[in-house]
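Numbering (my numbering), first residue to last: 528 to 658.
Virtual Cβ for every residue (Gly too), placed ideally from N, Cα, C.
Structure follows, in structure tokens:
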């Protein structure tokens, strides 16, 4: 069984690679049917969860005395910045918002929640588990 510090290092490398691969697939390779499947089944919450986990992991590795409220503040800032970026610079998101504003709000709330759950999951399961 791997120690928690080794697991953290592996996640520190694999999470961003997985996020980049997912983003590249969605942006450049996924056919419309796959995008519809991902969106309708909320599979986009998985990378949001992973991003929250990665942010918390990076925060925990970089800050000498991490505090939960500081982590939550970081997660809020980065998550809301990402959602703002998507809203203003992603034409598909703008179209989605113009056609279905209530669904967009629900989707954004789910994205933010998934990121917070990923970050809090790190805090609960990895924070003090070094061997």
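query: Pairwise C-alpha distance: residue 568 and residue 562; result: 10 Å
query: Length of the line joining the Cα atoms of residue 540 and residue 584; result: 11 Å
query: Under 8 Å between C-beta atoms of residue 606 and residue 642; result: yes
query: Residue 594 - DSSP class collapsed to helix/strand/coil; result: coil
query: 6 Å CB neighbourhood of residue 649 in its chain, flanking five on each side removed; result: 580, 583 and 584
query: Boundaries of the alpha helix (DSSP H) in which residue 644 is found, first to last residue; result: 628-652
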